[in-house]
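Some notes on the structure that comes next.
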Amino acid sequence: MATTHTRTCHICEANCGILVEMEGATVVSIKGDPDDVLSRGHICPKATAIADLQSDPDRLRTPVKRVGSEWQPMGWDQAYAEIGARFAAIKAAGGAGGLYIGNPTAHNYSVGMQTGHLKKALGLRSIYSASTVDQIPHQLVQLWMFGHNSLFPIADIDRTQTMLIIGGNPMASNGSVWTVPGIRHRIHALQQRGGRLIVVDPRRTETAELADTHLFIRPGTDPAFLVALLLALDEAGTINPGRLLPMLDGFGEALAALRHFDVATLATHCGIAEAAIREVATRLGNGAPAITYGRMGVSTAEFGTLNHWLIQLLNIATGNLDRIGGMMFSNPGVDVVAQTGTGTHGRFKSRVSGLSEIMSELPVVTMAEEIATPGEGQIRALVTIAGNPVLSTPEGRALDAALEALDLMVSVDMYVTETSRHAHYILPPCGPLQKDHYPLFLGAIAVRNYAKYSPALLPINDDKSDWEIVAGLASAILTAQGQPAPNIRHPRDTLDAMLQASPHGLTLEQVEAHPHGIDLGELEPGRLPERLRMPEKRIRCAPEAAIADLDRFAASMSAAAEGSAPDALLLIGRRNIRSNNSWLHNSRRLLKGPDRCTLMIHPDDAAARAIETGTPVRISSRTGTIIAPAEVTDSVMPGTVSLPHGYGHNREGVKLSVAREKPGVSLNDITDRQRYDPLSGNAAFSGTPVTVSLAA
Ligand SMILES: Nc1nc2c(c(=O)[nH]1)N[C@H]1C(S)=C(S)[C@@H](COP(=O)(O)OP(=O)(O)OC[C@H]3O[C@@H](n4cnc5c(=O)[nH]c(N)nc54)[C@H](O)[C@@H]3O)O[C@H]1N2
Ligand SMILES: Nc1nc2c(c(=O)[nH]1)N[C@H]1C(S)=C(S)[C@@H](COP(=O)(O)OP(=O)(O)OC[C@H]3O[C@@H](n4cnc5c(=O)[nH]c(N)nc54)[C@H](O)[C@@H]3O)O[C@H]1N2
Ligand code: SF4
Ligand SMILES: [Mo]
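Here the sequence shown is numbered in this note's numbering, starting from 11 and rising by one per residue.
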């Protein structure tokens with residue numbers, strides 16, 4: 011007999027409520043849950059892949075050890091014992107430990123509660139994560155301006171009149187740093203009430219297709235557009251922070267620094283007409299609620315931190331921070347802001363290139379060199395948890411080589427991937443339906459305040475959840491060195507305590523009694539200044555480093571005005587609704603359809619190179635060359651080409667049998683470790699200069 015269970019889809023940030031119909035241990039169907047307090051029935055094609063992940067024969071079921079080119083199954087205790095002993099020997103010989111934490115850990119509340127133990131066991135100095143190829147510039151700006159790295163302002167799309175999206179494509183991504191299931195309906199509702207969606211992107215994306223206005227922008231030039239908007243508001247006399255004004259420090263200083271630029275020059279630089287910029291500024295400054303929201307395209311950029319500072323300044327200058335229909339701070343079941351440290355920056359530097367520590371990590375653009383460069387502090391033992399940096403960080407080939415030379419590598423992953431194939435041991439977690447779920451980090455970035463707990467659907471039996479594996483590893487590594495094992499608290503108990511200590515004062519039992527979630531109401535205005543985390547409770551509008559970075563930006567404008575290589579194109583990425591970073595390509599129902607790893611190129615650029623749709627083209631950058639089929643389309647702006655990341659599954663030894671049928675190539679084989687935002691250390695993927703030609 012079939013039974014139906016409520017749950018939350020853990021794959022992306024949208025956190026859709028789902029109804030999973032089971033017959034015994036077999037999934038019969040996965041549908042949207044119309045009663046979910048957040049998602050109200052929304053779902054995307056990826057949710058059904060949960061069943062494929064659970065049943066995938068390629069998914070590892072026991073720990074494995076690499077012996078030659080073979081993977082030998084082994085027991086958990088044996089694996090921990092061997093890893094502990096090998097780590098102790100490496101440590102004794104002067105080698106350092108390192109850790110890379112991947113994106114799926116942000117969707118798994120329990121593992122995050124154990125990584126601290128493992129970081130301590132491995133030595134704290136060489137911690138990396140997907141954050142520095144993603145959202146760390148948001149966090150740095152929030153630390154500077156609001157006093158806590160996790161004080162994310164959330165776009166209140168449901169009550170705004172203008173939604174300006176810069177470098178985000180929620181129609182494909184389902185929203186990011188913004189838990190907003192069902193974006194299509196929300197955009198439709200905005201337009202129905204006379205509001206407007208404006209998208210600024212070098213590609214006419216799926217989101218841009220729905221927009222009232224789409225403006226092409228030259229990759230990497232967003233500070234020009236953002237400064238020009240602020241100047242246009244200034245010139246029109248429509249800067250009006252309203253009730254925020256008494257809370258602002260350095261607002262005048264920030265504006266004064268921007269006045270060294272002029273709108274016309276900025277417009278030329280970013281490729282958007284001055285009139286169009288002034289029109290957007292008029293809209294933002296008209297007094298009605300308006301949102302300026304920026305995501306990956308402006309975060310993984312050479313001016314990522316500058317971009318996010320300017321975005322916050324725009325929301326402040328138009329009085330849209332902490333306002334209904336603007337950007338507000340959340341109040342979810344667990345208040346992570348109150349229960350975590352504010353965040354740190356610059357406490358130490360990376361050994362080889364001297365990049366600054368950020369949020370207790372080092373920028374991942376430095377990871378390969380820290381493994382490959384001899385000397386004191388060289389990483390000789392690395393653990394990866396739910397990450398695939400060979401495909402997801404710049405210059406994957408260099409990382410491939412570095413990982414292969416490690417004395418010890420341990421991957422916590424359920425597949426033999428492009429990254430974990432280098433491991434000596436792979437420790438696989440149980441399937442997704444054997445885990446419980448709470449939106450610990452994502453509740454805090456949701457468009458509505460809520461709490462929802464989903465118990466595991468299937469028994470765990472002899473398998474292990476990620477948190478147990480990570481806790482087990484930390485214990486094994488410490489005890490092998492004669493140190494005491496850490497005190498491991500069950501994640502459910504920690505969660506219960508965090509819920510109770512938060513403003514809503516819920517217990518886990520109460521939350522569990524509501525399988526569709528507890529609605530804790532709309533986002534609320536008026537939380538400032540109390541919500542600020544610095545003692546003086548004032549928004550710091552003119553962080554020194556941001557102001558200074560304007561000079562670097564001015565220099566880049568001057569350099570661009572002198573011209574670039576005549577045949578250079580700028581490479582950007584893209585996402586597709588049926589894919590998720592590097593790890594859903596082994597689901598046959600998601601992979602079906604046309605080849606998605608194509609190089610989009612504008613008809614003019616294609617014609618100049620005799621390129622047609624389907625022809626294989628050679629794409630070369632400073633760091634390498636890849637070959638992919640072309641897709642000629644005027645949806646990318648002239649001078650720009652686009653290729654998705656997360657492909658390249660034909661590397662030797664990868665055991666993803668479905669994904670290997672359409673392997674694609676890895677964009678990150680040709681991105682560049684030397685292109686990063688110096689303020690945050692975040693990788694700059696947007697606008698990698700490339701040449702494109704017919705592959706002979
Ligand atoms: N060029 C370019 N590069 C990019 C991006 C881009 O836009 N362009 N995007 C960047 C962004 S935003 C991100 S977040 C990163 C992602 O970078 P990563 O987090 O390094 O990579 P993922 O592709 O998400 O791979 C996740 C890995 O975790 C495994 N996994 C999945 N679920 C679980 C689980 O529950 N437990 C465990 N233990 N393992 C699991 C998968 O098998 C896979 O190997 O990529 C970045 N790289
Ligand atoms: N289906 C699906 N959903 C996902 C993911 C996925 O891989 N697939 N990944 C998840 C993850 S880890 C993340 S972080 C989010 C990301 O979520 P989003 O940021 O919404 O997704 P992207 O598609 O990377 O959007 C970035 C946009 O920036 C544009 N862009 C590139 N360069 C520039 C530039 O210089 N300036 C401007 N203005 N725009 C630029 C790109 O064309 C693209 O449209 O998505 C999440 N959701
Ligand atoms: S949008 Fe799709 S992948 Fe994301 S949580 Fe919802 S169903 Fe899952
Ligand atoms: Mo991400």
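For every residue, glycine included, the Cβ atom is placed at its ideal position computed from N, Cα and C.
Check                                                                                                                                                                                              : Outcome
Beta-carbon within less than 6 Å of residue 378's beta-carbon, same chain only, minus the 5 sequence neighbours each way: which residues are those?                                                : 408, 409 and 412
For residue 93, report the span of its alpha helix (DSSP H) as first-last.                                                                                                                         : 86-102
Count the C-beta pairs between the stretch 367-383 and the stretch 677-690 that are closer than 8 Å, then say yes if the count reaches three, no if not.                                           : yes
Considering only residues of the same chain and omitting the five flanking positions on each side of residue 218, which have a CB-CB separation below 6 Å?                                         : 209, 211 and 224
Strictly closer than 6 Å from CB to any heavy atom of ligand 3: give me those residues in the order they appear in the chain.                                                                      : 19, 21, 22, 24, 25, 26, 53, 54, 56, 57, 184 and 191
Pull up the distance between the alpha-carbon of residue 31 and that of residue 347, whole angstroms please.                                                                                       : 36 Å
Helix or strand or just coil, what does DSSP make of residue 110?                                                                                                                                  : strand
Whole angstroms is fine: what's the gap from residue 338's alpha carbon to residue 26's?                                                                                                           : 21 Å
Could you tell me which uninterrupted alpha helix (DSSP H) segments, each at least 4 residues in length, are contained entirely in the stretch 123-200, listed from first to last along the chain? : 125-132, 146-156 and 180-183
Bridge partners for residue 33 per DSSP, in chain order?                                                                                                                                           : 12 and 36
Pull up the distance between the alpha-carbon of residue 494 and that of residue 478, whole angstroms please.                                                                                      : 17 Å
Assuming residue 358 and residue 232 make a contact with CB atoms under 8 Å, what is their CB distance in whole Å?                                                                                 : With a Cβ gap of about 30 Å, residue 358 and residue 232 do not count as contacting.
Apart from the five residues just before and just after residue 600, which ones in its own chain have a Cβ nearer than 6 Å to its Cβ?                                                              : 59, 588 and 594
Where residue 590 and residue 256 are concerned, what is the direct C-alpha to C-alpha distance, given to the nearest angstrom?                                                                    : 43 Å
Any chance the CB of residue 100 is under 8 Å from a heavy atom of ligand 1?                                                                                                                       : no
List the endpoints of the continuous alpha helix (DSSP H) containing residue 566.                                                                                                                  : 554-571
Taking C-alpha atoms, which residue in 286, 265, 392 and 462 lies nearest to residue 342?                                                                                                          : 462
Which residue from 574, 528, 625 and 429 puts its Cα closest to that of residue 656?                                                                                                               : 429
Would DSSP call residue 605 helix, strand or coil?                                                                                                                                                 : coil
Hey, is residue 422 close to ligand 1, as in C-beta under 8 Å from one of its heavy atoms?                                                                                                         : yes
With residue 504 and residue 123 assumed to form a contact (beta carbons below 8 Å), what rounded beta-carbon distance in angstroms separates them?                                                : 5 Å
Verify whether the separation of the beta carbon atoms of residue 707 and residue 132 is less than 9 Å.                                                                                            : Because the chain spans 11 through 706 in this model, residue 707 falls outside it and cannot be assessed.
Please report the straight-line C-alpha distance between residue 614 and residue 649, rounded to a whole angstrom.                                                                                 : 9 Å
Check whether the stretch 450-459 and the stretch 92-101 are in contact - that is, three or more C-beta pairs closer than 8 Å.                                                                     : no
Starting from residue 325 and walking both ways along the alpha helix (DSSP H), at which residues does that stretch end?                                                                           : 314-327
Tell me the residue span of the beta strand (DSSP E) that contains residue 477.                                                                                                                    : Taken as a continuous stretch (DSSP letters only), residue 477 belongs to no beta strand (DSSP E), being part of the alpha helix (DSSP H) at 476-490.
Could you check the C-alpha separation between residue 95 and residue 435 for me, to the nearest Å?                                                                                                : 13 Å
For the beta strand (DSSP E) that residue 529 lies in, which residues bound it at each end?                                                                                                        : 528-532
Looking at residue 140 and ligand 4, is the gap between the Cβ and the nearest heavy atom below 8 Å?                                                                                               : yes
Quick check: the Cα distance between residue 622 and residue 637, rounded to an integer number of angstroms?                                                                                       : 14 Å
I want to know whether the stretch 257-265 touches the stretch 536-552 - three or more CB-CB distances under 8 Å.                                                                                  : yes
Going by beta-carbon coordinates alone, are residue 325 and residue 302 separated by less than 9 Å?                                                                                                : yes
Pull up the distance between the alpha-carbon of residue 207 and that of residue 389, whole angstroms please.                                                                                      : 47 Å
Tell me whether residue 18 is buried or exposed, calling it buried when 16 or more other Cβ atoms sit within 10 Å of its Cβ.                                                                       : buried
For residue 158, which of 67, 188, 93 and 541 has the nearest alpha-carbon?                                                                                                                        : 541
Buried or exposed: where does residue 34 fall if 16 or more other Cβ atoms within 10 Å of its Cβ makes it buried?                                                                                  : exposed
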